[in-house]
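Per the numbering used here, residue 179 is the first one in the sequence shown, and the count goes up by one each step.
For every residue, glycine included, the Cβ atom is placed at its ideal position computed from N, Cα and C.
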Amino acid sequence: MSLNIEQIKSDIDSIARSLGIKKYDVFGSAKEESSASAKNKKPFGLNSASKSYLLVRVWNDKQQAGVTSTSNLTYAGLTDALILAHSSAEYASTENIYNFSEYCQDSTENMQISNNQENKITMQDLVEKCIAAESKILDHSPIFKSVPYNKVGDSFSKRFYFNSLGAFKISENNIAYCYFFPLAQETNKIAREAGHISISKGFKNLNVIDCADKAIKKTENHLDYINIKSGKYKTIFSPEAFLDLLYAFGNFLNAQNILDKKSLLNIENLNTQIASSILNLSDSPLHVENPDPCHFDEEGTLTKNIDIIQEGKLITFLHSSFTAQKFNTKSTGHCHLGSKLTISPYFLHVSKNHKIHIDQEFSLNQENNAIYVENVKALHAGVNALQGSFSLPFDGFFIKDGKKISIESATVAGDFLTLLSNIIYIDDNETVTHKGISPNIWIKELSVTGNS
C-alpha cells in the first residue's frame, strides 16, 4: 500500500514538538478494496476504494485527553488534527482520567506484522469470478430467477499505533470475500431466498464456486415449506444464528457497559454461573481460522485469545486500559477509540465443555417436533440489549421425525440470559463462520410464533 506510516509518525512527532504537545498517541487504519457484482451474467457494480484515517489523542498539562479524527494526512491536516485534539482536551472529564495502555509505555512491545500480502487482484479477475458463480446459480435451474445480492472482493489493510513514548506497532492483512443470495420461485409458491458468505486469507484461498454451490443448496432447502403453529419448542440454533445473538447482546461481556450501568450483568456476576455448565465462550482474535486477525487494539494493547465463560461461569469481562484500571485488572486488548472509549469482541469462539458428562446425546436427524433456526433477522429492531429480551424473525426449519422442513415465516422470542442457562446440548462439530466459530446449540425451550 502507498501509505507511508513512518512519514506520518515523523510529521506528527515534529508537529507535536512545535506545538509544545508532550503527550499524544495515534491509531490509524488504511484500506484498499476492490469488488465486483454481476447481474444477468454481466458486470454490475464495480467498485474500488482507498480509505485512510487517524484517531488522535492529545493530553494537556492537567492530564485531560482530547480526541479527534482526520482523513487529511497532509502536514497541514495533521497539524489541524493535533491542534483540535489539544483544544478539545480542555472540555474532557477531570474525574475519568485516561492514560496510555500499560503495554505501550516504551518501545519494548513494538511490532510489525505482515501476512505476506499477495499481488493485487485485477478488477477483471473479480468480474470473471463473480460472473462465473452467478451463471452457475442461474443455470442450475429455471426456478432460480436472479441473484440480487452478490459480490466478490479483495481487500488490503494496515493498522498502526504509535505514541509519544516511542511505542510503534504495525500490522498488515489481506482478505478476500464473496457472497451469493439467490432468489428462487416455484410455480404457485412464494419466492424464497437464502445464501452463503465466504471469507479467506488472500484471494488464492477463496473458493468462489464453492460459495455459489452452498448458496444453491441452502436456497433449495427452503423451496418446500410449511406453516407452523405458535407454541413453545425445543430450539436448535445454527452456528451463524447463535453467534449473531451473542454479538447482539455483547454488552454483557463489556466492562465499559458495566461501568455505565448499561449491561445485563454487573461486577457481582464475575466468577458466578451465568450459563449452562456445558458452555465455554472465548474471544479469539488470533485464532488460526480467523481470516482477519487483530494483533493490537486501538490504544496499542496486544491482543490474545481470552476465555470469557468457562463451564458456564463468567471468568472475565472484556477490558480497555481504562476499565482495567477501574476493575483492578489488566486490559484484554479490546479498546476502540473515539469521543468515548468503547469495547467489543473480535472473533467469538463457542465450544462444548467436555468435562461435563451428558446423559443424552442429541442429533438433528433424531429430533422430532423441534425448530432449527438457521438465520435470525432484524437484529437492529428485535433485540432489547438492556432488558435482555428478543423477538426475531428467522429462516429455519421444523424438524419432524429427523427430517427438516422449511418454515414459511416465523418469529422466535425469549430472554437472552435464560437462553444461556437453558442450553441442554452443544454439538461436537464446530463450524467456522465469518463472525466466529460455533457448533449447533440446543435450547430447552423457546417461544415460536408461526402463521398456522
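Taking C-alpha atoms, which residue in Ile486, Leu437 and Val466 lies nearest to Asn449? Ile486 is the residue among Ile486, Leu437 and Val466 whose C-alpha sits nearest the C-alpha of Asn449.
Are the region 498–505 and the region 277–284 touching by the rule of at least three beta carbon pairs closer than 8 Å? Judged by Cβ distances under 8 Å, the region 498–505 makes contact with the region 277–284, as three or more pairs qualify.
Enumerate, from N- to C-terminal direction, the unbroken alpha helix (DSSP H) stretches of 4 or more residues contained entirely within the region 180–219. Counting whole runs of 4 or more residues, the region 180–219 contains the alpha helix (DSSP H) stretches 183–197.
Starting from Ser319, trace the alpha helix (DSSP H) both ways and give me its first and last residue. Neither: Ser319 is in no alpha helix (DSSP H) and is coded neither H nor E.
Would you call the CB atoms of Ser215 and Cys308 closer than 8 Å? Against a cut-off of 8 Å, the Cβ pair of Cys308 and Ser215 comes out as a contact.
Host alpha helix (DSSP H) of Ser292 (start-end): That residue, Ser292, is in no alpha helix (DSSP H); it is neither H nor E in DSSP.
Please report the distance separating the alpha-carbon of Leu526 from that of Asp461. In this model, Leu526 and Asp461 are separated by some 4 Å (Cα to Cα).
Are the beta-carbon atoms belonging to Phe340 and Phe346 less than 8 Å from one another? Note that the C-beta distance between Phe340 and Phe346 is below 8 Å.
Could you give the residue range of the alpha helix (DSSP H) that holds Tyr253? Taken as a continuous stretch (DSSP letters only), the alpha helix (DSSP H) holding Tyr253 covers Tyr253 to Ser266.
Please determine, among Gly511, Pro360 and Lys533, the residue with the shortest C-alpha to C-alpha distance to Asn458. Ranked by Cα distance from Asn458, the options Gly511, Pro360 and Lys533 are led by Lys533.
On the DSSP bridge list, what partners appear for Tyr603? Tyr603 is bridged by DSSP to Trp620.
Using DSSP with H/G/I as helix, E/B as strand and the rest coil, what is Glu552? Strand, per DSSP.
Quick check: Cys282 and Gly478, are their CB atoms within less than 8 Å of each other? Their beta carbons are under 8 Å apart, which means Cys282 touches Gly478 by this criterion.
Leaving aside the five residues before and after Ile404 along the sequence, list all residues of the same chain whose C-beta is less than 6 Å from its C-beta, in chain order. The beta carbon of Ile404 is closer than 6 Å to those of Ile583 in its chain, skipping five residues each way along the sequence.
Report buried or exposed for Ala259, applying the criterion of at least 16 other Cβ atoms within 10 angstroms of its Cβ. The residue is buried, with at least 16 neighbouring Cβ atoms inside 10 Å.
Taking Glu122 as the reference, which of Lys504, Ser567 and Pro523 has the closest Cα? Nothing can be reported for residue 122: it is not among the residues displayed for the chain, which extend from 179 to 630.
For Ser460, which three-state DSSP category applies? DSSP places Ser460 in strand when its eight states are reduced to three.
How many angstroms separate the CA atom of Gly244 from the CA atom of Ile348? Spanning the two alpha carbons is a distance of roughly 23 Å.
Buried or exposed, going by whether 16 or more other CB atoms sit within 10 Å of the CB of Asp579? A residue is called buried once 16 or more other Cβ atoms fall within 10 Å of its Cβ, and Asp579, having fewer, is exposed.
To the nearest angstrom, how far is the alpha carbon of Ala651 from that of Trp237? As displayed, the chain neither begins before 179 nor continues past 630, which places residue 651 out of reach and without an answer.
Do the CB positions of Leu361 and Glu350 come within less than 8 Å of each other? If you check the CB distance, Leu361 and Glu350 do not come in under 8 Å.
Secondary structure of Asn383, DSSP reduced to three states: The three-state secondary structure of Asn383, taken from DSSP, is helix.
Beta-carbon separation of His125 and Ile199 under 8 Å? With the chain represented from 179 up to 630, any question about residue 125 goes unanswered, as that position is not in the structure.
Measure the alpha-carbon distance for Thr252 versus Gln241 and round it to whole angstroms. One C-alpha to the other measures close to 27 Å.
For Ile414 and Ile601, believed in contact at Cβ under 8 Å, the rounded distance: Cβ-Cβ separation between Ile601 and Ile414: approximately 11 Å, too far for a contact (criterion under 8 Å).
Look at the alpha carbon of Ser192 and the alpha carbon of Asn352, and state the distance between them as a whole number of angstroms. Ser192 and Asn352 have their alpha carbons spaced roughly 32 Å apart.
Grab me the residues of Phe575's own chain with a C-beta within less than 8 Å of its C-beta, minus the 5 sequence neighbours each way, in chain order. Closer than 8 Å at Cβ, skipping near neighbours: Asn399, Ile549, Tyr550, Glu552, Lys582, Ile583, Ser584 and Ile585.
With 16 other CB atoms within 10 Å as the buried threshold, where does Ser441 fall? Buried, by the Cβ-count rule.
Start-to-end residues for the beta strand (DSSP E) that takes in Phe500: Where Phe500 is concerned, there is no enclosing beta strand (DSSP E), although the alpha helix (DSSP H) around it starts and stops at Ser499 to Lys504.
Neighbour-count burial assignment, Pro326, 16 or more Cβ in a 10 Å radius: Pro326 is exposed by the Cβ-count criterion.
If I measure Cβ to Cβ from Met289 and keep anything under 8 Å in the same chain, skipping five residues before and after, which residues do I get? The residues are Lys347, Ile348, Ser349, His473, Phe474 and Leu480.
Whether Ile368 touches Ser630 by CB criterion (8 Å): Ser630 sits away from Ile368, with the two beta carbons spaced by 8 Å or more.
In the DSSP assignment, find the beta strand (DSSP E) that holds His527 and state where it starts and stops. Under the DSSP assignment, His527 falls in the beta strand (DSSP E) whose first and last residues are Leu526 to Lys530.
Neighbourhood of Glu467 by C-beta distance below 8 Å, restricted to the same chain and skipping five residues each side: The residues are Val610 and Ile615.
Tell me whether Leu542 sits in a helix, a strand or coil according to DSSP, three-state version. Reduced to three states, the DSSP call for Leu542 is helix.
Start and end residues, beta strand (DSSP E) containing Val414: Here the sequence assigns Ile to residue 414, which means Val is not the residue at that position. Looking at the DSSP string, the run of the beta strand (DSSP E) that includes Ile414 is Gly409 to Phe415.
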